[in-house]
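For the sequence shown, position 108 matches number 108 in full-length UniProt numbering, and the numbering has no gaps at all.
Shown next, in structure tokens, is the structure this report addresses.
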Amino acid sequence: MTYLDSEQNKQFLGNGKENAKGESLETFLNNYDPTKYQSPCNTVDTLVFTYIEEDGHKKINRLLLIKRGNHPSIGMWALPGGFVDFKEDLKAAAIRELKEETGISDIDAIQLKSYGKYDRDPRTRIITTAFVTLIPEGSQKAKADDDASDAAWFDINLVDISENVTRLTLTSKEKEEVIAADIEKAYVNIAGIVGKEYKTIEKIGLAADHGEIILEAYEMIKSAL
């Protein structure tokens, strides 16, 4: 039995020829051993930002976070998310996990990027793909469930504390919580194409590399508004 059914496999026939071992696609797939190479796990995280209208323009207002109810980073605030099912698209997984952990539903999301530092999670090699959505302030209410022990909306404040370091401060008046991260940004220029790389220098109350993800998503949305 192959991973996909025979009808789905047809799109991968290529030119229909056999490979150097004399295998057809069907034979190759039947002989393929997916356990030959150690595979990383895949997760998704969703950033739900709210916006308000000011002078006819949208302004980012708050961000939804959950408090982790289990290891690792138990008791820390984090982006809602979780593991992708084996036969589940990334976006579908992001929307499902968001609903399971916070009750937020009926939203769409845009893929931001993947984050894959090998030491970002102590359980195993985990690559996460972040999704972003922007909704009107007050349009959704969040309630913690599943792996989350709490959920809250946080005000966002950014201050450049040096040329390349930004302090991200997130405040929930409702929960009387203030969490923060100092994020270093490095600019990469490849033949005139400029990109940014983010690195957490110090953090308080935020899980894993989520401060980096939040800052990158915030900057992406702000530049688009």
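No residue lacks a Cβ here, since even glycine has one placed at the ideal position from N, Cα and C.
Distance between beta carbons of residue 65 and residue 154, contact taken as under 8 Å: At roughly 6 Å, the Cβ-Cβ gap stays under 8 Å, so residue 154 and residue 65 are in contact.
With 16 as the cutoff for other CB atoms within 10 Å, does residue 72 come out buried or exposed? exposed
Any chance the segment 79-87 sits against the segment 96-108, with 3 or more Cβ pairs inside 8 Å? yes
For residue 172, is the classification buried or exposed, using 16 other Cβ atoms within 10 angstroms of its Cβ as the cut-off for buried? With 16 or more other Cβ atoms within 10 Å, it is buried.
Whose C-alpha, out of 118, 200, 216, is nearest the C-alpha of residue 40? Out of 118, 200, 216, 118 has the C-alpha closest to the C-alpha of residue 40.
Could you tell me whether any non-hydrogen atom of the ligand GTP is closer than 6 Å to the CB of residue 45? Here there are no bound small molecules, and the ligand GTP is not part of this structure.
If distances are taken between C-alpha atoms only, which option among 201, 204, 178, 90 comes closest to residue 131? 90
Tell me whether the beta-carbon of residue 181 lies closer than 7 Å to the beta-carbon of residue 203. In this structure, residue 181 lies near residue 203, with their beta-carbon atoms less than 7 Å apart.
Provide the residue span of the beta strand (DSSP E) that contains residue 203, from first to last. 193-204
Span separating the alpha-carbon of residue 7 from that of residue 1: 13 Å
Backbone secondary structure at residue 31 - three-state DSSP: Three-state result, residue 31: helix.
For residue 218, is the classification buried or exposed, using 16 other Cβ atoms within 10 angstroms of its Cβ as the cut-off for buried? Residue environment: residue 218 is assigned as buried (16 or more neighbouring CB atoms within 10 Å of its CB, all protein chains considered).
Less than 7 Å separating the beta-carbons of residue 127 and residue 30? Their beta carbons are not under 7 Å apart, which means residue 127 does not touch residue 30 by this criterion.
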